[in-house]
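> Sharing a structure below in structure tokens format, with a few things to ask.
Protein chains: 2
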Amino acid sequence: MDFKKITIIGVGLIGSSLALALRKKGYKGRITGLGRSEETLKMALELEIIDDYSTVHTEGVKDADLVVLASSVALYEQIVNNIKDHLKEGAIVTDVGSVKGDVLRTLTPLMPENVRFIAGHPIAGRECSGVKCATDDLFENAKCILTPDAGTDETALRQIKELWELTGARTVIMSPEEHDLTFAAVSHLPHIVAYSLINSILDINGEILRYGGGGLRDFTRIALSSPAMWRDICAHNRDEVLRTLKTFSSSLSRMISFVEESDWASLEKEFARAREARQLIESN
Amino acid sequence: MDFKKITIIGVGLIGSSLALALRKKGYKGRITGLGRSEETLKMALELEIIDDYSTVHTEGVKDADLVVLASSVALYEQIVNNIKDHLKEGAIVTDVGSVKGDVLRTLTPLMPENVRFIAGHPIAGRECSGVKCATDDLFENAKCILTPDAGTDETALRQIKELWELTGARTVIMSPEEHDLTFAAVSHLPHIVAYSLINSILDINGEILRYGGGGLRDFTRIALSSPAMWRDICAHNRDEVLRTLKTFSSSLSRMISFVEESDWASLEKEFARAREARQLIESN
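If you're matching them up, the sequences are chains A and B in order.
By the count of my numbering, the first sequence reaches residue 285 at its end, each step adding exactly one.
By the count of my numbering, the second sequence reaches residue 285 at its end, each step adding exactly one.
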């Protein structure tokens, strides 16, 4: 990997874990942290996650061969507007956001002529967030989705592929559209459903949540995730999130009808279909 | 505990784990296994979970001071009709089913005059089912709900309370109605939602389930549970399940409206409300 300097904007869980993983796998270049909170950046420096830091966008990206956007997706546009005139000629910008179509549509037109943008999404996360939760093996065996479009530079794509593979991730190439529908279904939708399930239990009786066993705990663990982050993901993948919500709503209505009609055979068939599919991912 | 002989009808996960837990905590009496599958009963005997077994209801309950119904709830009525004329005078019958109102309404009128019925529900389970998954610590620190009604014998209730406390469970007294609404909300509803979520992902695209990360895995683990068992639970707690499904459906519709209207502040508020409540059960 020929990046002499990498600037990571947003030293949260993903940004910090990326820095740690690169170090562990022998990356010898410089890693600069960039963000709004000096306290966080100082902590990252003390934990030897980054080599130096800046809170000034224009300063932090100077001479960087690679800039990684690892902040909230909602901040990308503003950040790129701040840094675009200060990027090194030939630099690559990449990101780690959970939505891709919207990011490509927004950022591609902002990139200077000699800067190449590669959109990416490592499928890794924990309910625990922030620099203090970073680990050097977060991406080990994780998938990292890269979503080139018609204008994507092949050389830059290969370099970002190598970057993620160095961290232990397996890269997968997908169109932005396929990515956004897939992750609306397998990630964004389950988060909304988990939040909604908790709220409906509260609506029934706020006192009863504590009677839930291990099943409810596991089921709703993702409801511990950051509301602001999930608000932003929904906002930036609105159409696909809506599409999956409506599909889920239909599936739920079907279940409700079977219960209403006491059609237990059909209800069991629905349960069995789901279980069979779920068993397949268990054995993966 | 003064039960000289306990007969457990259904040596699945719960029935077998109860036997193992009682033994571990020093129960000295006889434990008889009763069920339809001789293969299962033989295995339970070989694993020293039970002392002897029978596949004949009338034989197996003979002389038992306590009979534990640990089969599917759907079989209770038939089983009790088979055994009722063979129960020992003064025996206690109890159960471990996930629904209580329906069980009490069905079984109470069937009990002979000198036999007392205590309805119970240990909140313990695993996705793994059957005698091979039984453990002697399944009830350790678990809640066990007992649901007496107006006709319940206080002495028998106390004895069943002691039985569960011996296994390490903490007993909670609740009305059957309160139990059924509570567990419709915190257990039955989440199972239906998990099955439904998997099905909606299949409806979107059968191939994408494998892209789900650890969050989806945890979220849908309960969809590995037995479809037949959950069909029966829904059938025997129909009204409360329906009530919670409708509450959930309203909560979901609210979320869908916020996404449709791009009302991200309200969506975040919903997420935050859920997260706050979920954090409380995490710290319990």
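Ideal Cβ placement from N, Cα and C applies to all residues, glycine included.
Here the structure is a predicted model, which means the values were calculated and not measured.
For Leu105 of chain B, which residues in chain A fall below 8 Å Cβ to Cβ?
Going along chain A, no residue has its Cβ under 8 Å from Leu105 of chain B, so there is no contact; the nearest lies around 19 Å.
> So that I know if they touch, is there some Cβ in chain B lying closer than 9 Å to that of Ser197 of chain A?
With 9 Å as the cut-off, Ser197 of chain A counts as an interface residue toward chain B.
> Mapping the DSSP letters down to three states, classify Arg117 of chain B as helix, strand or coil.
Looking at Arg117 of chain B - three-state DSSP - the assignment turns out to be strand.
> What are the start and end residues of each continuous alpha helix (DSSP H) run of 4 or more residues lying completely inside the stretch 89–177 of chain B, in chain order?
Entirely contained in the stretch 89–177 of chain B, the alpha helix (DSSP H) runs reaching 4 residues are, in chain order, 102–108 and 155–167.
> Quick check: the Cα distance between Glu163 of chain A and Pro191 of chain A, rounded to an integer number of angstroms?
In a straight line, the C-alpha of Glu163 of chain A is about 31 Å away from that of Pro191 of chain A.
> I need the straight-line Cα distance from Arg239 of chain A to Ile257 of chain B, nearest angstrom please.
Each residue's Cα considered, the two are about 10 Å apart.
> For Lys43 of chain A and Ile51 of chain A, I'd like the C-alpha separation in whole angstroms.
If I take the Cα positions, the gap works out to 9 Å.
> Below 8 Å, can you find three or more Cβ-Cβ pairs linking the stretch 147–165 of chain A to the stretch 175–183 of chain A?
They touch, by the three-pair rule.
> Taking buried to mean at least 16 other C-beta atoms within 10 Å of its own C-beta, is Cys129 of chain A buried or exposed?
So Cys129 of chain A counts as exposed.
> Looking only at C-alpha atoms, which of B:Ile199, B:Val62, B:Gly126 and B:Asp233 sits nearest to Leu19 of chain B?
Answer by Cα proximity: B:Gly126.
> Asp219 of chain A versus chain B: which residues are under 8 Å apart at the beta carbon?
Neighbours of Asp219 of chain A on chain B, chain order: Asp219, Phe220, Arg222 and Ile223.
> Here's the rule: buried if 16 or more other CB atoms are within 10 angstroms of the residue's CB, otherwise exposed. What is Lys29 of chain B?
Flag for Lys29 of chain B reads exposed.
> Helix, strand or coil for Leu48 of chain B, going by three-state DSSP, please let me know.
The answer is coil: DSSP assigns Leu48 of chain B none of H, G, I, E or B.
> Buried or exposed for Pro110 of chain A, going by 16 or more other Cβ atoms inside 10 Å?
Pro110 of chain A is exposed by the Cβ-count criterion.
> For Glu90 of chain A, I'd like the list of residues in its chain whose CB is within less than 6 Å of its CB, leaving aside the five on either flank, ordered along the chain.
Only Asn115 meet the Cβ criterion.
> Hey, Leu108 of chain B and Val97 of chain B: beta-carbon distance below 9 Å or not?
Not closer than 9 Å, so no.
> Tell me which same chain residues have a C-beta within less than 7 Å of the C-beta of Ser226 of chain A, skipping the five on either side of it?
Cβ neighbours of Ser226 of chain A beyond the five flanking positions: Glu128 and His192.
> Could I get the ranges of all uninterrupted alpha helix (DSSP H) runs contained in the stretch 183–226 of chain B, with 4 residues as the minimum, in chain order?
Segments of the alpha helix (DSSP H) lying fully in the stretch 183–226 of chain B: 190–205 and 215–220.
> In angstroms, rounded to a whole number, what distance separates the CA positions of Thr168 of chain A and Lys85 of chain A?
Distance between the alpha carbons of Thr168 of chain A and Lys85 of chain A is about 27 Å.
> Using 8 Å as the Cβ pair cut-off and three pairs as the minimum, do the stretch 199–216 of chain B and the stretch 261–279 of chain B touch?
Taking 8 Å as the limit for Cβ pairs, the verdict is that the stretch 261–279 of chain B does not touch the stretch 199–216 of chain B.
> Looking at C-alpha atoms only, which residue of B:Ala275, B:Thr41 and B:Arg276 is the closest neighbour of Lys134 of chain B?
First, the amino acid is wrong: residue 134 of chain B is Cys here, not Lys. Checking every option, the nearest Cα to that of Cys134 of chain B belongs to B:Thr41.
> So is Lys6 of chain B buried or exposed if we call it buried at 16+ other beta carbons inside 10 Å?
Under this definition Lys6 of chain B is a buried residue.
> Return the first residue and the last residue of the beta strand (DSSP E) that Lys29 of chain B is part of.
No beta strand (DSSP E) contains Lys29 of chain B, which DSSP labels as neither H nor E.
> Applying a beta-carbon distance threshold of less than 8 Å, which residues of chain A neighbour Leu246 of chain B?
Result: Leu253, Met256, Ile257 and Val260.
> Could you tell me which chain A residues have their CB closer than 7 Å to the CB of Leu268 of chain B, listed as they occur along the chain?
What Leu268 of chain B touches in chain A: Arg232 and Cys235.
> Could you check how far apart the C-beta atoms of Phe220 of chain B and Ile199 of chain A are, in whole angstroms? I think they sit under 8 Å.
About 12 Å; that fails the 8 Å criterion.
> Would Asn142 of chain B pass as an interface residue toward chain A - the criterion being a Cβ-Cβ separation below 9 Å?
No, because no Cβ of chain A sits closer than 9 Å to the Cβ of Asn142 of chain B.
> DSSP on Lys85 of chain A, reduced to helix/strand/coil?
Lys85 of chain A falls in the helix class under three-state DSSP.
> In this structure, how does DSSP classify Val242 of chain B when only helix, strand and coil are distinguished?
It is helical.
> CB-CB under 6 Å to Val69 of chain B, same chain, minus the five flanking residues each way: which ones, in chain order?
Taken in chain order, the residues that qualify are Ile9 and Thr95.
> Quick one: which residues of the stretch 177–191 of chain A get their C-beta closer than 8 Å to a C-beta of chain B? List them in chain order.
Taking 8 Å as the Cβ-Cβ cut-off against chain B, the residues of the stretch 177–191 of chain A that qualify are Leu182, Thr183, Phe184, Ala186, Val187, Ser188, Leu190 and Pro191.
> Tell me the DSSP secondary structure of Thr260 of chain B in three-state form.
Inspection of the sequence shows that residue 260 of chain B is occupied by Val rather than by Thr. Of the three classes helix, strand and coil, the one that applies to Val260 of chain B here is helix, per DSSP.
> Can you pull out the residues from the stretch 108–128 of chain A whose beta carbon lies closer than 8 Å to at least one beta carbon of chain B?
Listed by position, the residues of the stretch 108–128 of chain A near chain B (Cβ gap below 8 Å) are Ile124, Ala125 and Gly126.
> Name the one or two DSSP bridge partners that Tyr77 of chain B has.
Looking at the DSSP assignment, Tyr77 of chain B forms no beta bridge with any residue, so it has no partner.
> Between which two residues does the beta strand (DSSP E) harbouring Asp53 of chain B extend?
Note, Asp53 of chain B: beta strand (DSSP E), Asp53 to Ser55.
> Measure from the C-beta of Ile15 of chain B to each C-beta in chain A and report whether the shortest distance is under 9 Å.
No, its Cβ sits nowhere closer than 9 Å to a Cβ of chain A.
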